[in-house]
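Below is one structure, written out as structure tokens; comments come after it.
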Amino acid sequence: MVQTTFRVAPCTEEHRMLTKVLTPLLTLATALILPSAALAAPAPAAPVLPTAVYAKTSDWGTGFQSTYTITNTMSVPLTSWTLRFTLPANEKVTSLWNGQLSSSGNTYTVTNLSWNAPVAPGASVSVGFGGSTSGTYADPSGCTLNGDPCDGSADVQPPTAPSGLGVLNTTSSSVSLSWTGSTDNLVLAGYNILQGGRKVATSPGTVATVSSLAPSTSYTFAVQAYDEAGNTSAVSNAISATTLADTGGGHPSGAAAPFVDAGAWPTPNLTQIAQNTGLRQFSMGFIVNGTQTCQATWFNAFPMSDGFELSDITSLRAIGGDVKPSFGGEAGTELAQSCTDVTSLTAQYQSVIDTYHLTQIDFDIEGSAVADPASVDRRSQAIASLQAAAKAKGQHLSVTLTLPVLPSGLTADGVNVVRSAVNHGADVTMVNVMAMDFGNIEAPNPAGKMGTYAIASARSVHDQLAPLYPGRTDAQVWNSVGVTSMIGQNDNADEVFTQADMRQLLAYAQQTHLGELAYWDVTRDGNACTGSLSKCTNITQTPFEFAKIIAPYQG
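Heads up: the sequence shown runs through residues -40 to -1, 1 to 515, numbered per mature numbering (1 follows the signal peptide of the UniProt record, and there is no 0).
Below, the structure is given as structure tokens:
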């Protein structure tokens, strides 16, 4: 995972620049005027920026308690502060007071609360935390305060220059770039994206998309790293890219739309993930019934009135992305099973569409919901009503169905879900199949074959959809099929979907022009860890490796 960075200015930029310029000059002047005896044993330099001093206050073998004392050594107030440190792999913070804590791996970031900032000149505040340890205790390392070393010295060392800048993807209005990352002596904060020598965007990771470009136009790009102290690197190699012609068709955001578990903690930041990976579309799960009958909520926690994640979705759209919220999922009750009539069900679906200004929605129908004909028909009628309402406003509502699948295709219940939609006039853009957890009977000896089994599933569903949609051409039927894999280890432990499987599936998708490539889920991909399957893939991978494989896919 790209390390989360927090930046709070300890003083004005003028103060920082004067510090960096005057400190070496004063040192030189001192050397010129002092006698040699005085130069032989200089006193330690006084800190020029605020300091943070660590002390372990107690240790009981399996745990410890410590404090950081933050002192404002400047002559102006320290308006706010951000403390960052890294613990050894065998230690972790279990509690903290006098600050707001967040973490990425074993690196912890603490920001001030409303009552312990600003810090007056000469004053101090303390942050305390408890920790656990297994094995030998060691002090934290890599301590920074507002991006500078905790000893009060100024960070003047710039990051290394990015390299290997290349074009990841182009559309008629955007260019996606990727590059090899930089390193920094303390904390690398991100990258400036330069277009014709002018900064047009920033990115916290090694992927970025520059949008709002003109069709059929050549552009020159470069990138530049910066750290938390504001030091900038040398500029990378420059590269030219030409946007595509504007054909008036296609989806500029691409056809890669992996699922993101919106209920994961911490809540996924879709805009940041998009900037880190090049993805622009996300299938966002899940909306289910709440504590009241026939009530749309995000994972039975946030009703639509809360506007959960609306600001992040708005930011994502500002960089050319979008979301496709998914109703249903494995856990919870899908609304069609709670709302007992079509009118009330349609109203709940519509409330979600209106809250998030949606043009696309998904229905993940599995478990008992896929085998419940009454709720299936109720849902199909509601979808038809939603699409009719959108059409009356001159809009189009795209609807996809996500269904369980086997290499032999949809189950009879799954086929009935699609047939119900056809019979009730619901226009299903795509049937997205969950190519995972096949079992040994349908997918024997799955090692190294999960990509092959996923392809077989897509082929089988294509053949099942063709007679249900006789008005669609063969190419249109292929475009009506999407595939969602479970990356890494599946719930069936012997089924492991690897990077090679994803590349195999991608090649097949490019050949047949599948409507969508997706996977479960983005958080697991970003964590790149071993542990609970809800958080980890349990295979060797780099953060967001699967996202970067499918991000360029255009359908």
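Every residue gets a Cβ at the ideal spot worked out from N, C-alpha and C, and that includes glycine.
Legend entry - Inter-stretch contact at 8 Å, needing at least 3 Cβ pairs: the region 502 to 515 / the region 452 to 463: yes
Legend entry - M244, DSSP secondary structure in three states: Looking up residue 244 in the sequence shown gives position 284. M244: strand per DSSP, three-state reduction.
Inset, instruction - Return yes when the Cβ of T29 is within less than 9 Å of the Cβ of L105, no when it is not. - result: For the purposes of this step, residue 105 is taken as residue 145 along the sequence shown, with counting starting at 1. For the purposes of this step, residue 29 is taken as residue 69 along the sequence shown, with counting starting at 1. Their beta carbons are not under 9 Å apart, which means L105 does not touch T29 by this criterion.
Inset, instruction - Can you tell me which of the three DSSP states S62 falls into? - result: By one-based count along the sequence shown, residue 62 stands at place 102. Strand.
Inset, instruction - State the DSSP-derived secondary structure class of V441, mapped to helix, strand or coil. - result: One-based indexing of the sequence shown puts residue 441 at position 481. Strand, per DSSP.
Inset, instruction - Determine the extent of the alpha helix (DSSP H) in which K351 is found, giving its start and end residues. - result: What you label residue 351 is simply residue 391 of the sequence shown in a count that begins at 1. That run of the alpha helix (DSSP H) goes 333 to 352.
Inset, instruction - Answer yes if the region 338 to 353 comes into contact with the region 392 to 407, meaning at least three C-beta pairs across the two stretches below 8 Å, and no otherwise. - result: no
Inset, instruction - Would you identify the three-state DSSP class for L(-13), choosing helix, strand or coil? - result: Locating residue -13 in the sequence shown gives position 28, where the first residue counts as 1. Note that L(-13) scores a pLDDT of 38, beneath 50, so its modelled location is shaky; the value from the coordinates is reported in the next line. L(-13): helix per DSSP, three-state reduction.
Legend entry - Cβ shell of S163 (< 7 Å), same chain only, five flanking positions each side left out: Here residue 163 corresponds to residue number 203 of the sequence shown, with the count starting at 1. Correct list, in chain order: G150, Y151, I153, Q235.
Inset, instruction - Note down the Cα distance separating V160 from V170, rounded to an integer number of angstroms. - result: For the purposes of this step, residue 160 is taken as the residue at position 200 of the sequence shown. For the purposes of this step, residue 170 is taken as the residue at position 210 of the sequence shown. Rounded to whole angstroms, V160 and V170 show a C-alpha spacing of 8 Å.
Inset, instruction - Please state whether DSSP places T412 in a helix, a strand or coil. - result: Residue numbering aside, residue 412 sits at position 452 when the sequence shown is read from its first letter. In the structure shown, T412 sits in a helix (DSSP, three-state: H, G or I).
Inset, instruction - Give the secondary structure of M462 by DSSP, where H, G and I count as helix, E and B as strand, and everything else as coil. - result: If you number the sequence shown from 1, residue 462 lands on position 502. Looking at M462 - three-state DSSP - the assignment turns out to be helix.
Inset, instruction - Report back the beta-carbon spacing between E402 and P364 to the nearest angstrom; my notes put them in contact at under 8 Å. - result: Walking along the sequence shown from the start, residue 402 turns up at place 442. Walking along the sequence shown from the start, residue 364 turns up at place 404. That pair is no contact at about 11 Å.
Inset, instruction - Whole angstroms is fine: what's the gap from R240's alpha carbon to L230's? - result: Looking up residue 240 in the sequence shown gives position 280. Looking up residue 230 in the sequence shown gives position 270. Spanning the alpha carbons of R240 and L230 requires a straight line of approximately 9 Å.
Legend entry - Rounded separation between Y468 and G515 - CA only: Numbered from its first residue, the sequence shown carries residue 468 at position 508. Numbered from its first residue, the sequence shown carries residue 515 at position 555. If you take the alpha carbons of Y468 and G515, they lie about 11 Å apart.
Inset, instruction - Note down the Cα distance separating T22 from V116, rounded to an integer number of angstroms. - result: Along the sequence shown, one-based indexing puts residue 22 at 62. Along the sequence shown, one-based indexing puts residue 116 at 156. A direct Cα-to-Cα measurement between T22 and V116 gives close to 39 Å.
Legend entry - Member of S243, S62, L47 whose CA lies at the smallest distance from the CA of V220: Position 260 of the sequence shown, counted from the first residue, corresponds to residue 220. Closest option to V220, Cα to Cα, is S243.
Legend entry - V85 (DSSP reduced to helix, strand or coil): What you label residue 85 is simply residue 125 of the sequence shown in a count that begins at 1. If DSSP states are grouped into helix, strand and coil, V85 belongs with the strands.
Inset, instruction - Apply the 10 Å Cβ neighbour rule to V135 and answer buried if 16 or more other Cβ atoms are within range, or exposed otherwise. - result: Translated into positions along the sequence shown, residue 135 becomes position 175. Result: buried.
Inset, instruction - Assign D115 to one of three DSSP states: helix, strand, or coil. - result: Position 155 of the sequence shown, counted from the start, is the residue given in the question as residue 115. Of the three classes helix, strand and coil, the one that applies to D115 here is coil, per DSSP.
Legend entry - Contact between the region 52 to 63 and the region 7 to 17 (3+ Cβ pairs under 8 Å): no
Legend entry - Start-end ranges of the beta strand (DSSP E) lying completely within the region 118 to 200, minimum 3 residues: 123 to 130, 135 to 140, 148 to 155, 158 to 163, 167 to 170, 178 to 187
Inset, instruction - Leaving out five residues on either side along the sequence, give the residues of the same chain with a beta carbon under 7 Å from the beta carbon of A435. - result: Residue 435 sits at position 475 when you count from the first residue of the sequence shown. Answer for A435: H473, listed in chain order.
Inset, instruction - Could you check how far apart the C-beta atoms of T483 and A224 are, in whole angstroms? I think they sit under 8 Å. - result: The count along the sequence shown starts at 1 and reaches residue 483 at position 523. The count along the sequence shown starts at 1 and reaches residue 224 at position 264. Sure, about 5 Å apart at Cβ, within 8 Å.
Legend entry - Where the beta strand (DSSP E) through T27 begins and ends: In the sequence shown, residue 27 corresponds to position 67, counting from 1. Taken as a continuous stretch (DSSP letters only), the beta strand (DSSP E) holding T27 covers 23 to 31.
Inset, instruction - With a cut-off of 8 Å on the beta carbons, I'd call V79 and L38 a contact; round off their distance for me. - result: Along the sequence shown, read from residue 1 onward, the residue named residue 79 stands at position 119. Along the sequence shown, read from residue 1 onward, the residue named residue 38 stands at position 78. Confirmed, Cβ separation roughly 4 Å.
Legend entry - Cα-Cα separation, residue 516 to T54: Missing from the structure shown is residue 516; the chain here goes from -40 to 515 and no further.
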